[in-house]
Structure formats: C-alpha cells, structure tokens
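>
Numbering (my numbering), first residue to last: 242 to 365.
(1) Apart from the five residues on each side of it in sequence, which residues of its chain come closer than 7 Å, Cβ to Cβ, to residue 312?
(2) Shortest alpha-carbon distance to residue 289 belongs to which of 247, 331 and 261?
(3) May I ask you to report which of helix, strand or coil DSSP gives residue 261?
(4) Look at the Cβ atom of residue 319, then the Cβ atom of residue 291, and state whether they are nearer than 8 Å.
(5) Which of helix, strand or coil does DSSP assign to residue 290?
(6) Once DSSP output is grouped into helix, strand and coil, what is the label at residue 319?
(7) According to DSSP, is residue 332 part of a helix, a strand, or is it coil?
(8) What first and last residue would you give for the alpha helix (DSSP H) that runs through residue 340?
As structure tokens, then:
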C-alpha cells in the first residue's frame, strides 16, 4: 500500500527527507502508523516536519502518534489540525512531546487549536 511503501522509502539508508506533507490523504489509523514508525526509525529521524492535517485521525491515532513521540523522533513540527482527535488526543500529544527523551517537537508545541472536521486538532 502507499503508506507502507512510503515507510520503506523513508527508512532506506541515505534518505534525506526533511519535510513530509501528507495533508488530506485519507491515511486513517493504519496509514498514519506506517508514517509515524518510519519517522521513528534510525533513518526516518531526518524527517523534521510532518503534516497529517485533515486525515480523519481520531483520539486513538493521536495516542499512537504520542507513543512514537515519547520514544523520540527527529520531528520538530507536527501538524494534526483538521482531525477530530479531541481533547484527550491533543493532551496525549502535548504530554509526549514535552516528556524527557521525547520528540523535540515540543519546542513548537501549542495547545490544541480548532481544526476542521468538527473536532480538536493542533500543532505539536
């Protein structure tokens, strides 16, 4: 599938991908899991900016992303706006980004801002 193939490409040695824009791609939870795992891999740590805006991600997806952030990635910016992740999902993302040893995306952390799709979103 597309997200799995992208994951393999990002994890390939020598990858120099810095910005990955996956806005409005209908990734869903499984697709996002592939992308986040790639960003947490040894070679995927070169990804510094990731946009998952408007992919229909819900609280469970946000918690999956938070778990990866807590382990550490190279992300400096993560956009999950336009996803109905809710307050619990946004809280999990912020807590993971601010945790010791977590992703340095915390430097760009902001409280959950209003996103499309009728739910909370935010930039972490």
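Backbone N, C-alpha and C fix where the C-beta goes; we use that ideal spot for every residue, glycine too.
Reading off the structure:
(1) 281
(2) 261
(3) strand
(4) yes
(5) strand
(6) strand
(7) helix
(8) Run containing residue 340: none; DSSP gives neither H nor E here.
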